[in-house]
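So the sequence lines, in the order shown, correspond to chains R and U. Sequential numbering from 1 applies to the first sequence in our numbering. Sequential numbering from 1 applies to the second sequence in our numbering. Below: one structure, written as structure tokens.
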Amino acid sequence: MERIFELACAFSELPAVSGQEHIGMERVAELCKGYFDSYEVTSVGSFIGRISCGKAGAKTLLLDAHIDEIGFIVSEICEGGFLKVVNIGGIDPRILPASEVLIYGKKTITGIFTSKPPHLQEKDELEKPMELEDLAIDTGYSKEQLEEIVSIGTPVGYRSPVVRLQNNAIAGKSFDDRICAVSILRALEMLKEKELPVNIAVQFSGGEETGYKGATTASYQIAPDFAICLDVTNAYVPDAPAYRKDIKMGGGPSISFSAQTSRKLTIKAVETAKKNGIPHQLFAEPNHTGTNSGAIQTSRGGVPTVLVSIPLKNMHTANEVVMLSDVYDTSRLICELALSLKEGM
Amino acid sequence: MIERLKKYCGCISPSGCEDEIRELIIQDIQQIATRYEVDRMGNLIAFKKGRKTPDKKVVVSAHMDEVGLMVKYISDEGYIYFDPIGGIDPRVVGGRRVVIGDKRIYGVVASKAIHLQKKKERGMVVPLEEMYIDIGCDDKKSCEEVVSVGDVATFVPNFEEFGDGLIKSKAIDDRFGCALLVELMQEELEYDTYFAFVTCEEVGTDGAKQVAFNLRPDIAIAIEATTAGDVLGAPKSRYACELRKGAVISHIDGSTIYDKKLVEYALATAQENNIKCQLKNVIAGGNDASAYQRTAAGARVLAVSAPTRYIHSASNVVCKDDLFEIKKLVLALLQKGF
């Protein structure tokens, strides 16, 4: 679990706002050193790593986690050193006032989202919805200084170093979906001494938050025989609908039943979890899963895919919360499922 | 001064729980104060002998407390519900990190997630009573092992310099004042001066009322952080004050009409010494000056403040140069005498 914490800190910090993943790719390659026989970075911002099992005619298992994060891009550089931004992916503007961001310009600088001082607030303001347009980012530079560092289109991400909470929980940014990249690397560590029945290809795909671009193209390139798509899922919190009550923090990975995934591979994943005593939970999402699973499953002539998700709270905020034990159990499930795959689905 | 400010901003000392910051200040002043005492309400009053004893008793005052949260209720699911200590805009609380109690437990303030909101709830500000702190516990019992009803929390310490000479941190309001008072005490002073580090400003200037009653000063100068409205889109007439324009002198704010002669004296002193200074142009906010003005027979009051953006949030923003200008101005006033 300490290893998972270490990896979570490193992956969380990657600067890879959706569409501009290339900024973080060098660091991704560094973090993946020693895990793969070969790797490449694709033209649309995904990282692909391959491990061969050495057997002639072996099938290939794809492990997918997306490496991009939600964030912002600069839309205007304003007087007084303020930046106007637009969102990349789904962001709740209510959590932004007075929060910190990193601006990935020619150099990386700190910014603070503005918050309106009380004396400027109108009487019924709390009754109106908040919009990102009402806010700006305070950089502490003059407009002229700022123009030397950023331009329109410069990516901006949350700033939120990982911290430990009670109970093996951790909080940080971009665990959606970097925590799944961590679970994949940890699974590869578990597989290191084992004899692999299949080749393994890993894609840390870009562009998930903005339309599954990375998974669509990387899956085409890899042409796998089956796939485990790894993403995060909303754990039960107060006021959530009743059907989420069984997605618990600490309950292990959630395995999804969906028309966008392979029922056969899904059942195999559930059985593998049961057989190996790996805590897990079931979730039903019949249509779109809101993950890469659809893009992978429909790649080329079709790729049987199972969707495995790590329970997470506060999705798309600077303080996403996950439990290290859930990440560890996800790694175990990936490891055991990979070892159990002998033939095609 | 900046290193000291950083150290002071790191304390978890909301109103009523000023022990940590007071201990740090005592360590810093015990060698330089002529004498000091902590009164029965927790206020720290230091006296520094000058070359001369003035006719008028002068006190320079800063408050030690900061805004924060207090634990009200722990739910069966292990979530912590809270009330604010002092005035906090709910918009700067959601999604932030806090540190709770003497055990320094980290937590995250959450509320109904965006994907759970109905269409008409989208973007609407959640009231504080519907927010909760998540510390990672999944039941009441495990949560109660580390957190108790009545525990206090503040935003997580995050002091940092950024941009062109700016600082961001929680609690610059009013650890800046505390740091400045200690800096002033290090100087050779012309006149005997009292320095008051008071409690509970954020909940109604309570500490200052007690100090004013016990000390009976003739002149009280409050050193504060005051809200700067110079953010994008705000009209200049509503700025109140601006960063990089120096010390803020108030004619009037939400609770005090200041002593006109003192205000003019401060402005003239700034001009004589080439010190950057600005007048607050909006009637808003309030500080310990109101307590000094109204307690016992009353004192003549002045407020010298640091222009501060996003006050009472996790990231107060000030300009270092403004802080240095304020130090110059207050020191010049003390050396000239009243």
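Just so it is clear, CB atoms sit at the ideal spot from N, CA and C, and this is done for glycine as well.
Please report the distance separating the alpha-carbon of residue i from that of residue j.
i: U/Asp102; j: R/Ile103; result: 35 Å
i: U/Val317; j: U/Arg216; result: 34 Å
i: U/Ala343; j: U/Leu329; result: Chain U is shown from 1 up to 338; residue 343 of chain U falls before or after that span and cannot be answered.
i: U/Arg91; j: R/Pro97; result: 6 Å
i: R/Pro129; j: U/Cys241; result: 28 Å
i: R/Ser325; j: R/Pro279; result: 10 Å
i: R/Ala171; j: R/Val322; result: 7 Å
i: U/Asn158; j: R/Ile112; result: 12 Å
i: R/His22; j: R/Ala16; result: 7 Å
i: R/Leu135; j: R/Pro118; result: 15 Å
i: U/Ile167; j: R/Thr139; result: 11 Å
i: U/Ser61; j: U/Gly42; result: 14 Å
i: U/Val93; j: R/Gly57; result: 57 Å
i: R/Ile267; j: R/Thr217; result: 27 Å
i: U/Lys280; j: R/Ile149; result: 33 Å
i: U/Lys48; j: R/Met315; result: 54 Å
i: R/Tyr35; j: U/Pro307; result: 52 Å
i: U/Thr193; j: U/Pro84; result: 35 Å
i: U/Ala332; j: U/Val263; result: 14 Å
i: R/Leu14; j: R/Leu7; result: 11 Å
i: U/Ile221; j: R/Thr110; result: 34 Å
i: U/Cys137; j: U/Gly150; result: 18 Å
Which one of the options has the shortest CA to CA distance from residue i?
i: U/Lys276; options: U/Leu243, U/Arg104, U/Tyr292 and U/Ala225; result: U/Leu243
i: U/Leu24; options: U/Leu44, U/Ala284, U/Glu224 and U/Ala270; result: U/Leu44
i: R/Gly90; options: R/Lys194, R/Glu209, R/Ala259 and R/Val306; result: R/Glu209
i: R/Leu341; options: R/Ile200, R/Val156 and R/Ile112; result: R/Ile200
i: U/Thr199; options: U/Tyr191, U/Gln210 and U/Thr193; result: U/Gln210
i: R/Ser43; options: R/Gln20, R/Leu62 and R/Thr298; result: R/Gln20
i: U/Asp164; options: R/Phe82, R/Ile70 and R/Gln166; result: R/Phe82
i: R/Gln260; options: R/Asn287, R/Ile51 and R/Asp177; result: R/Asn287
i: U/Val152; options: U/Ile21, U/Pro14, U/Lys327 and U/Asp322; result: U/Pro14
i: R/Pro37; options: R/Asn168, R/Leu188 and R/Val101; result: Checking the displayed sequence, the identity of residue 37 of chain R turns out to be Asp instead of Pro. Comparing Cα positions, the closest option is R/Leu188.
i: U/Ile100; options: U/Asp19, U/Leu128, U/Lys119 and U/Asp134; result: U/Asp134
i: U/Asp322; options: U/Gly246, U/Val38 and U/Glu121; result: U/Gly246
i: R/Thr137; options: R/Glu122, R/Phe47, R/Tyr212 and R/Glu79; result: The identity of residue 137 of chain R in the sequence shown is Ile, whereas the question assumes Thr. With distances taken between Cα atoms, R/Ile137 lies closest to R/Glu79.
i: R/Leu63; options: R/Gly252, R/Ala8 and R/Val198; result: R/Val198
i: R/Gly45; options: R/Tyr141, R/Phe204 and R/Phe175; result: R/Phe204
i: R/Ser240; options: U/Lys112, U/Met70 and U/Asp218; result: The amino acid occupying residue 240 of chain R in the given sequence is Ala; Ser does not appear at that position. Nearest of U/Lys112, U/Met70 and U/Asp218 to R/Ala240, Cα basis: U/Lys112.
i: U/Val59; options: U/Val109, U/Ala212 and U/Glu129; result: U/Ala212
i: U/Glu129; options: U/Gly136, U/Ala110 and U/Lys140; result: U/Ala110
i: U/Arg4; options: U/Phe197, U/Ala222 and U/Arg175; result: U/Arg175
i: U/Lys141; options: U/Ile249, U/Val304, U/Asp76 and U/Glu20; result: U/Asp76
Who are the near neighbours of residue i in its chain, counting only those whose CB is closer than 8 Å to its CB and skipping five residues on each side?
i: U/Gly286; result: Thr205, Asp253, Gly254, Ser255 and Thr256
i: R/Val86; result: Phe72, Ile73, Ser75 and Leu132
i: U/Glu144; result: Ile74
i: U/Asp89; result: His312 and Ser313
i: R/Glu147; result: Ile77
i: R/Gln281; result: Asp246, Ile247, Lys248, Gly251, Gly252, Pro253, Ser254, Ile255 and Pro311
Should residue i be listed as close to the ligand ATP, given that the test is whether its C-beta is under 7 Å from any heavy atom?
i: R/Glu336; result: Questions concerning the ligand ATP fall outside what the structure shown contains, since it holds no ligand whatsoever.
Going by beta carbon distance, what residues of the same chain come within less than 7 Å of residue i, once the five residues before and after it are set aside?
i: R/Ala235; result: Ile247, Lys248, Met249, Pro311, Leu312 and Lys313
i: U/Arg238; result: Gly229 and Val282
Sorted by chain position, which residues of the same chain lie with C-beta nearer than 6 Å to residue i's C-beta, five sequence neighbours on each side aside?
i: R/Lys192; result: none
i: R/Ser160; result: Gly172, Lys173 and Ala318
i: U/Tyr81; result: Lys72, Tyr73 and Tyr132
i: U/Glu161; result: Ile167
i: U/Tyr191; result: Gly50, Lys52, Pro54 and Gly337
i: R/Val41; result: Met25 and Phe47
i: U/Arg35; result: Phe47
i: U/Cys17; result: Val152
i: U/Gly10; result: Pro157
Do the region 256–272 of chain U and the region 280–297 of chain U touch if we need at least three Cβ pairs shorter than 8 Å?
yes
Listed from N- to C-terminal order along the chain, which residues in the region 75–97 of chain U have their beta-carbon within a distance smaller than 8 Å of any beta-carbon of chain R?
Ser75, Glu77, Tyr79, Gly87, Asp89, Pro90, Arg91, Val92, Gly94, Gly95, Arg96 and Arg97
For the region 142–154 of chain R, which residues have a CB atom closer than 8 Å to at least one CB atom of chain U, in sequence order?
Ser142 and Gln145
Indicate whether the contact test is met: 3 or more Cβ pairs, each with one atom in the region 168–183 of chain U and one in the region 17–35 of chain U, closer than 8 Å.
yes
Within the chosen definition, does the region 218–233 of chain R reach the region 66–81 of chain U through at least 3 CB pairs nearer than 8 Å?
no
Cβ-based contacts, 9 Å cut-off: residues of the region 111–123 of chain R near chain U:
Gly111, Ile112, Phe113, Thr114, Ser115, Lys116, Pro117, Pro118, His119, Leu120 and Gln121
Got a sec: which bits of the region 299–331 of chain R sit with their beta carbon under 8 Å from any beta carbon on chain U, in order along the chain?
Lys313, Asn314, Met315, His316, Thr317, Ala318, Asn319, Val321 and Met323
Compile a chain-ordered list of the residues in the region 160–179 of chain U whose CB is closer than 8 Å to at least one CB of chain A.
Absent from the structure is chain A; the protein chains it does hold are R and U.
What are the residues in the region 123–136 of chain U lying within 9 Å of chain R by C-beta distance?
Gly123, Met124, Val125, Val126, Pro127, Glu130, Tyr132, Asp134, Ile135 and Gly136
Taking beta-carbon pairs under 9 Å, can you tell me which members of the region 94–106 of chain R lie near chain U?
Arg94, Ile95, Leu96, Pro97, Ala98, Ser99 and Glu100
Check distances from the C-beta atoms of the region 169–183 of chain R to those of chain U and list, in chain order, the residues that come in under 9 Å.
Ala169, Ile170 and Ala171
Residues within the region 285–315 of chain U neighbouring chain R, beta-carbon criterion of under 9 Å
Gly285, Arg309, Tyr310, Ile311, His312, Ser313, Ala314 and Ser315
Short of 8 Å Cβ to Cβ, which residues in the region 213–234 of chain U face chain R?
Thr227, Ala228, Gly229, Asp230, Val231, Leu232, Gly233 and Ala234
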